[in-house]
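Each residue of the sequence shown is one higher than the one before, counting from 57 in the working numbering.
Notes to accompany the following structure.
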Amino acid sequence: MKKLSILFIFTLLCVGFGHAQQKYPPMAFGKGTFKGETTPLRDEPIITESEFDMDDYEEIYNDLRRPKKNNPNALPMGPDPLNQTAPAFRQPAGLILDFQAGSSAESGFIPPDPTGAVGPNHFVHAFNSSVKIFDKTGTLLVGPVSLGSFLGNGLNHGDPIVMYDQLADRWFVSQFECVPNCSSISSGILIMGVSTSPDPTGTYNVYEFPLGSFPDYPHYAIWPDGYYLTANKSGQATYVFQRDVMLAGDPDPLFEGFPLIGCFKNPNTVFSPEPANLVGTNYEYGMPGYIVYLQDDAWSAAIANDHIKIWTIEMDWDGDSTISNPQEIALAPFDSTFAPFGSGDIGQPGTGQKLDGQGGIISYMANFRKFDDHNSFVINFNVDIDGNDTAGVRWIELRNTGSDPFTLHQEGTWTIADGDSRFMGSNGIDEDGNIGLGYSVGSSATRVGLRFTGRMEGDPLGQMTFPETSVIESNGVQTWINRYGDYAHQTIDIDDRTFWYTSEYIPTTNTWADRVGAYKLVDDYTDDLGVYAFVSPGFVGPYTNSETVEVNISNFGTDPQSNFDVELYVDGGLVDTETYTGTLNPGETDSVTFSQTIDLSIEGHLYEVVAKTALSGDDYPNNDDVTKYYLTGELLGTNDFQLNDHELFMYPVSLNLYELKYNTTEDFGVMNYRILNLLGQEVTSGKMETEVKGYRASVDLNTVATGVYVVEVSSAKQKLSKQFMVSQ
């Protein structure tokens with residue numbers, strides 16, 4: 057379907073073809089408080105390592121599990137029906153890099169809640185209660201720094217999250233705050249820091265968001281219209297925060313909280329739905345956000361069959377945001393329940409103390425990627441594969457197109473018949489649709505370790521086809537408490553091929569450490585360049601008629617590159633080409649500033665700005681470009697317009713047909729129209745009809761390619777023309 061974006065009026069008309077669905081408004085509204093800009097993270101005091109006895113550890117608050125199954129008739133009655141028995145037939149994927157990122161000697165808290173994200177030149181890692189920054193060889197650059205000191209609230213209450221926002225080339229760091237303290241909680245606050253530049257070692261703008269009841273176990277995601285959050289809390293558990301305001305460093309960002317209609321909460325453990333996290337830079341402007349949650353018939357006989365629910369959130373920061381009724385997708389039977397809280401689930405050698413297996417939750421993160429012909433949404437959660445608390449990882453790929461309902465593309469349960477549990481996974485999807493899965497492994501015969509597997513797009517559905525590969529194995533066990541991990545976190549490099557996975561292991565008895573492992577499922581290309589982010593224009597308008605465009609580029613290949621072009625397009629038309637005359641070595645990044653400024657000033661027009669590398673012989677052109685959308689003012693529908701005298705107006709009325717109106721009270725006689733391309737060549741023409749307030753015509757643009765055009769109306773007495781854009 058073509059959509060028309062008019063450069064000279066306030067409009068973008070979207071014609072929807074989805075099924076009707078009940079929608080509900082948000083139930084909570086609030087405003088964050090800007091706490092100020094931090095000192096540079098690299099200048100913060102470094103925590104000195106110390107030795108903590110097990111009695112010195114402070115347990116991070118978490119409202120965890122109660123009894124096991126509530127429905128004795130729940131399926132499956134026996135083994136998980138999707139337990140993988142087919143062998144992994146591919147050659148092992150190599151571990152590119154691994155390094156220790158944090159330790160109990162730097163913390164004093166348990167569990168560590170490890171989190172980390174990779175960017176163009178850094179890996180930022182956080183744990184209870186510190187943050188560290190590494191380069192991409194694993195060399196420590198900054199830290200450990202106290203999160204409470206860095207973020208300004210002076211407290212280290214826990215559950216940090218780190219994200220790299222590639223759409224903005226910025227970093228996000230957060231943790232929660234118990235009010236008045238974590239021993240006597242009456243409410244909670246989320247502290248969020250957003251970097252003021254692409255350099256994570258620099259300064260951050262810090263915001264506080266009071267959420268009423270305590271936001272335990274926060275899971276964040278990046279989406280174009282906001283930072284999305286789910287949390288284990290009473291009342292509203294799903295929130296969206298005003299991302300563009302925070303990125304700009306402006307005060308008073310808004311947030312809205314939504315009810316999950318039709319959701320049966322897990323009565324046995326934390327309530328942990330998961331927001332969709334955008335991977336890569338490809339997306340459709342205005343696409344809704346998604347929340348996903350599992351529904352296990354073991355929780356209640358009221359749940360007829362095992363399934364997942366997906367809610368659609370349409371954000372409108374002017375007050376018309378909505379959340380939908382959930383879409384329900386049936387899955388093969390699964391058992392997400394494990395042992396009652398406190399006893400643990402995963403055995404260890406030489407001790408009766410078991411570790412938590414984190415059942416009944418969707419693991420962090422649920423990643424969403426847009427491809428040319430579909431969208432993929434990958435999730436995973438822990439399941440009991442045999443009824444005896446042996447854990448496996450149920451992984452799922454959903455697909456849709458546009459904002460249509462999702463369908464189940466594939467699902468499987470990753471396990472190996474060796475008696476070990478595989479649990480606490482974190483999965484991702486690369487630029488080719490290959491799926492990588494990192495997870496923990498352990499049993500009464502095997503000390504807990506960190507491993508990964510994966511599959512290639514096109515492999516047999518429902519199967520992981522790469523052999524299990526170890527990141528690191530523990531040399532010790534945990535003898536005094538069941539708490540383990542709580543989080544694992546896998547992100548993907550800007551090369552869109554390399555997975556970076558972090559989780560907890562036990563280097564010596566009753567200590568913990570976080571490990572980072574980087575791996576990829578495909579080989580590097582020799583000649584491969586791409587734009588990975590826009591530097592300017594900024595995040596929030598209004599924009600001018602002379603905006604400078606600066607972008608960041610990277611060499612994703614194995615050979616140095618020089619003397620290549622970088623192109624700039626606005627609304628489908630090429631406006632400038634710059635030649636990069638230096639040498640960009642493999643893995644290096646740099647910036648390019650275009651000499652031609654661009655006009656982004658017209659109110660109500662959504663500008664599509666594309667920057668791309670144009671390397672001759674590029675081995676993988678799919679990662680050459682990045683698209684960014686700019687808007688001054690608001691997009692309004694056709695009913696919002698009062699046409700002025702002598703105003704032209706054009707909008708789509710069906711898939712192929714467009715309406716052209718010339719509003720006037722004067723009689724100019726016979727009025728004709730022409731559609732011209734930017735070379736002045738006529739595309740189509742016709743005669744306009746007379747109506748009460750001017751002239752109109754139906755214009756068929758079905759055969760017109762995407763791009764900028766000119767509409768001209770003329771008579772013997774009058775002539776008028778305007779530019780407009782046709783886009784797919």
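Backbone N, C-alpha and C define an ideal beta-carbon position, used for all residues, glycine too.
As the structure is a computational prediction, the values presented were derived from the model and not from experiment.
| Check | Outcome |
| --- | --- |
| Suppose the cutoff is 7 Å on Cβ atoms and the five residues either side in sequence are ignored; what does the same chain contact list for GLY448 look like? | ASP136, ASN139, VAL439, ILE441, THR469, TRP470, THR471, ARG478 |
| Hey, would you say SER39 sits closer than 8 Å to ARG507, going by beta carbons? | The shown model of the chain, from 57 to 784, leaves out residue 39, and the question about it has no answer. |
| By the 10 Å Cβ neighbour count, where 16 or more other Cβ atoms means buried, how is HIS363 classified, buried or exposed? | buried |
| ASN758 by DSSP, collapsed to three states: which one? | coil |
| Does the segment 653-669 come within contact of the segment 612-628, defined as at least 3 CB pairs closer than 8 Å? | yes |
| Please check the pair ASN490 and VAL578, which I expect to be a contact at CB under 8 Å, by giving their CB distance rounded to whole angstroms. | 7 Å |
| List the residues that DSSP assigns as beta-bridge partners of GLY742. | TYR729 |
| Since THR393 and LYS125 should fall inside the 8 Å C-beta cutoff, what is the C-beta to C-beta distance between them, to a whole number of angstroms? | 5 Å |
| Could you give the uninterrupted runs of the beta strand (DSSP E) lying entirely in the segment 201-242, keeping only those of 3 residues or more? | 217-221, 226-237 |
| Comparing alpha-carbon positions, which option in GLU644, ASP486, PRO563, THR649 lies nearest GLU603? | THR649 |
| May I ask you to report which of helix, strand or coil DSSP gives ASP632? | strand |
| Determine whether the beta carbon atoms of ILE366 and PHE462 lie at a separation below 8 Å. | yes |
| If I measure Cβ to Cβ from PHE590 and keep anything under 6 Å in the same chain, skipping five residues before and after, which residues do I get? | VAL607, LYS684 |
| Given a cut-off of 8 Å, decide if PRO236 and ASN184 are closer than it, judged by their beta-carbon atoms. | no |
| Jot down the residue ranges of each uninterrupted alpha helix (DSSP H) in the segment 278-310, minimum 4 residues, whole runs only, in chain order. | 299-303 |
| Helix, strand or coil for SER672, going by three-state DSSP, please let me know. | coil |
| Would you identify the three-state DSSP class for ASP701, choosing helix, strand or coil? | For ASP701, the predicted model reports a pLDDT of 45, less than 50, meaning its position is unreliable and no value from the coordinates is stated. |
| Report the residue ranges of all beta strand (DSSP E) runs contained in full by the segment 315-342; include only those spanning at least 3 residues, in chain order. | 330-334 |
| Beta strand (DSSP E) containing ARG425: first to last residue? | 422-426 |
| In three-state terms, what does DSSP make of ARG98? | helix |
| Give a yes or no on whether the C-beta atoms belonging to ASP391 and ALA354 are separated by under 8 Å. | yes |
| Under a Cβ-count criterion, where at least 16 other Cβ atoms within 10 Å of its own Cβ denotes burial, should VAL533 be classed as buried or exposed? | buried |
| Pair every Cβ in the segment 300-318 with every Cβ in the segment 418-432, then say whether three or more of these pairs are closer than 8 Å. | no |
| Tell me which same chain residues have a C-beta within less than 6 Å of the C-beta of TRP279, skipping the five on either side of it? | LEU334, GLY345 |
| Could you have a look at PHE437 and say whether DSSP puts it in helix, strand or coil? | strand |
| My assumption, with CB atoms under 8 Å, is that SER754 sits in contact with VAL767. Please give the rounded CB distance. | Between VAL767 and SER754 the Cβ distance is about 13 Å, and since that is not below 8 Å, they are no contact. |
| Counting only the same chain and skipping the five closest in sequence on each side, list residues whose C-beta sits under 7 Å from that of TYR676. | TYR581, ASP584 |
| One question on the structure: do GLY505 and GLY494 come within less than 8 Å of each other, judged by their Cβ atoms? | no |
| Near ASP515, what residues of its chain come up, given a Cβ to Cβ distance below 6 Å and the 5 sequence neighbours on each side ignored? | THR521 |
| Can you tell me where the beta strand (DSSP E) with THR141 in it begins and where it stops? | Premise fails: THR141 is in no beta strand (DSSP E) and is neither H nor E. |
| Could you tell me which of ILE385, ASN324, LEU716, ILE347 sits nearest to SER356, measuring between CA atoms? | ASN324 |
| By the DSSP assignment, the beta strand (DSSP E) with LEU585 in it spans what residues? | 585-592 |
| By Cβ distance, which residues of its chain are closer than 7 Å to PRO389, with the 5 residues on each side in sequence left out? | LEU131, PRO132, PRO137, ASP362 |
| Using the Cα positions of GLU264 and SER253, report the straight-line distance between them to the nearest angstrom. | 20 Å |
| Is the CB-CB distance between ILE385 and ILE369 below 8 Å? | no |
| With respect to the beta strand (DSSP E) encompassing THR525, which residues constitute its N-terminal and C-terminal limits? | 525-529 |
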